[in-house]
Amino acid sequence: MPDSGYPWPIETTRLDNGLRVVVSEDRTAPAVAVNLWYDVGSRHEPQGQTGFAHLFEHLMFEGSVNVAKTEHMKLIQGSGGSLNATTNPDRTNYFETVPAEHLELAFWLEADRMGGLVPALTQETLDNQRDVVKNERRQRYENVPYGDAWLRLLPLLYPPGHPYHHATIGSMADLNAADLATFQAFHRTYYAPNNAVLTVVGDASAAEVFALADKYFGGIPARADIPPAPDGRTVPATGRPAVETVTAEVPAPRVYVAHRTHPFGSAGYDVVTVLAAVLGSGRGSRLYQRLADGERIAQPDLVGAYGVDLAHAPAPLIATATARPGVGAERLAAGLHAVVDELATVPVTAAELDRAKALLSTAWWRQMSTVDGRADTLGRYATQFGDPAKAAERLPAWLAVTAEQIAEAAAEVLAADDRVTLTYLAEEKP
-18 MPDSGYPWPI
-8 ETTRLDNGLR
2 VVVSEDRTAP
12 AVAVNLWYDV
22 GSRHEPQGQT
32 GFAHLFEHLM
42 FEGSVNVAKT
52 EHMKLIQGSG
62 GSLNATTNPD
72 RTNYFETVPA
82 EHLELAFWLE
92 ADRMGGLVPA
102 LTQETLDNQR
112 DVVKNERRQR
122 YENVPYGDAW
132 LRLLPLLYPP
142 GHPYHHATIG
152 SMADLNAADL
162 ATFQAFHRTY
172 YAPNNAVLTV
182 VGDASAAEVF
192 ALADKYFGGI
202 PARADIPPAP
212 DGRTVPATGR
222 PAVETVTAEV
232 PAPRVYVAHR
242 THPFGSAGYD
252 VVTVLAAVLG
262 SGRGSRLYQR
272 LADGERIAQP
282 DLVGAYGVDL
292 AHAPAPLIAT
302 ATARPGVGAE
312 RLAAGLHAVV
322 DELATVPVTA
332 AELDRAKALL
342 STAWWRQMST
352 VDGRADTLGR
362 YATQFGDPAK
372 AAERLPAWLA
382 VTAEQIAEAA
392 AEVLAADDRV
402 TLTYLAEEKP
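Oh and the sequence shown: position 50 is 31 in my numbering, straight run, nothing missing.
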């Protein structure tokens, strides 16, 4: 596969009700990936309705007008397919990969829950899924070591009122306080054809997909007054670092160092993406070489750095390390800060740059090597940037990044006076 462009065809249309349809035909195997991106995530949630987008990720599998509870999953899996859904601050997406002859089934199921969830939503279903989300919060965030790190980092990175201030899991108080009518109104507002992108990749022609999309989705009315998400593009610098220390039941001290950078999809974030790979991807990274292999203060498998690809505000870059036995949190934090600071002063070598770009190229083509990976990528670029073909720009942008740009970006966005440091200390056992 070439390192530039998108080597598969892309065709698009828009139905009369506003639904955007993206098709990338690939006859390699008799399978199709169907991916539906809704432009609603936790950043859209009004005050008092946090966690709604994530709860609907669950509710959308609990039945609609013509599909009984749990039948969506049974029908797809019974046809030899797989399916799931995810929610993040920027969007919610629902997806299935099925044998090509079952494409029409996937369309019927997705259209029924887009246009027919609200009449089928009952108080019993709502209460049941609220309990499921509470249990998920306990299992993923509250009852695992370091599990609430993301819940703590977001408020430190983004001020109250910012659309990224709260996590997608939301507030249990908000979920408990809302009645059935409030949830029905949320679905009517955001789960509309003109707020979605339907992407199909695989063994189907554009003409076939467009006809099926019109057949199953074309009769769902558009929503005229979808409220935009709050503007989060500007986050004023505080001029002072934010620090939080948590004493918890964790096996060893851990430190997270986070900075706000640039929005995903921007030229600045392309540089940050390569910077993050130099800083913290794998055994050849600076964090590993310095803290795990050199000073031996960090556990080898628990040190790294990554960007969080958020598209509508300065996205965070997070570096983290977990202490080896006998190493204190202060020493670990000092080591993390030093390696991050040196990105602005110690030039990235040609070997470091080549390695980072090779890692990113591998990850990109791994994502694009499957029909479901391509469908998700094209849906993202259509939703967030208005054009699925813009996906072809990402890898060439990474490959064009220079060492000088990395040093400039580090000096610009990794300043110590606007840094977040979250530290976990282990509780002393009696």
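Glycine included, each C-beta is placed from N, C-alpha and C at the ideal position. Small disclaimer: the values here were computed from a predicted structure and weren't measured.
| Check | Outcome |
| --- | --- |
| Spatial distance of residue 324 from residue 52 (CA atoms) | 52 Å |
| Coarse secondary structure for residue 207, derived from DSSP in three states | coil |
| Start-to-end residues for the beta strand (DSSP E) that takes in residue 240 | 235 to 241 |
| Three-pair Cβ contact test at 8 Å for the segment 268 to 287 versus the segment 333 to 340 | no |
| Sequence-distant residues of the same chain with beta carbon closer than 8 Å to residue -16, five excluded per side | With a pLDDT of 48 at residue -16, under the threshold of 50, the predicted position of this residue should be treated as unreliable, though the coordinate-derived value follows. Hits under 8 Å: 342, 376, 377, 380. |
| Closest Cα partner of residue 185 within the set 383, 200, 8 | 8 |
| Host alpha helix (DSSP H) of residue 13 (start-end) | Element bounds for residue 13: not the alpha helix (DSSP H) but the beta strand (DSSP E), 12 to 19. |
| Closest by C-alpha distance to residue 62, when choosing among 11, 364, 329, 382 | 11 |
| Delimiting residues of the alpha helix (DSSP H) encompassing residue 296 | No alpha helix (DSSP H) holds residue 296; DSSP gives it neither H nor E. |
| Closest Cα partner of residue 373 within the set 384, 215, 358 | 358 |
| CA-to-CA distance, residue 311 to residue 318, given in whole angstroms | 11 Å |
| Own chain partners of residue -18 with C-beta closer than 7 Å, once the 5 adjacent residues on each side are dropped | Residue placement at residue -18 cannot be trusted, given a pLDDT of 34 that sits under 50; what the coordinates show is reported in the next sentence. Contacts found: -12, 346. |
| Contacting residues, own chain, Cβ-Cβ under 7 Å from residue 384 (five flanking each side not counted) | 328, 329, 334 |
| Nearest-angstrom beta carbon gap, residue 296 and residue 245 [assumed within contact, 8 Å] | 5 Å |
| Three-way DSSP call (helix, strand, coil) for residue 404 in this model | strand |
| Completely contained alpha helix (DSSP H) runs for the segment 145 to 198, where each covers 4 or more residues | 153 to 158, 161 to 171, 187 to 198 |
| Bounding residues of the alpha helix (DSSP H) (the contiguous stretch that carries residue 477) | Residue 477 falls outside the range modelled here, since the chain spans only -18 to 411, and no answer is possible. |
| Where residue 22 falls: helix, strand or coil (DSSP) | coil |
| Presumed contact (8 Å Cβ cut-off) between residue 74 and residue 17, rounded CB distance | 6 Å |
| Burial state of residue 307, where buried means 16 or more other Cβ atoms lie within 10 Å | exposed |
| Local Cβ density within 10 Å of residue 72, reported as buried at 16 or more and exposed below that | buried |
| Through-space distance from residue 152 to residue 33, alpha-carbon basis | 9 Å |
| Residue 360 burial status per 10 Å Cβ neighbour count (16 or more: buried) | buried |
| Span separating the alpha-carbon of residue 167 from that of residue 290 | 25 Å |
| Reduced DSSP secondary structure (H/G/I, E/B, other) of residue 425 | Because the chain is modelled from -18 through 411, residue 425 falls outside the range shown and cannot be assessed. |
| Straight-line gap, residue 350 to residue 162 (C-alpha atoms, nearest Å) | 43 Å |
| Proximity of residue 30 and residue 195 at Cβ, strictly below 8 Å | no |
| Proximity below 8 Å, CB of residue 242 to CB of residue 298 | yes |
| Neighbour flag for residue 167 against chain D, beta carbons, 8 Å | Chain labels in this structure do not include chain D; a single protein chain is all it has. |
| Length at least 3, wholly inside the segment 56 to 97: the beta strand (DSSP E) runs in chain order | 63 to 68, 73 to 80 |
| Spatial neighbours of residue 131 in its chain, beta-carbon cut-off 7 Å, leaving aside the 5 residues before and after | 148 |
| Alpha-carbon spacing of residue 65 relative to residue 45, whole angstroms | 17 Å |
| Close-in-space but distant-in-sequence residues of the same chain around residue 268 (CB under 8 Å, 5 per side omitted) | 260, 261, 279, 284, 285, 286, 300, 302, 317, 320 |
| Residue environment, residue 169, which counts as buried when at least 16 other CB atoms sit within 10 Å | exposed |
| Nonlocal neighbours in the same chain, by C-beta distance under 8 Å from residue 86, ignoring five residues either side | 56, 57, 60, 79 |
| Endpoints, the beta strand (DSSP E) within which residue 285 is located | 279 to 288 |
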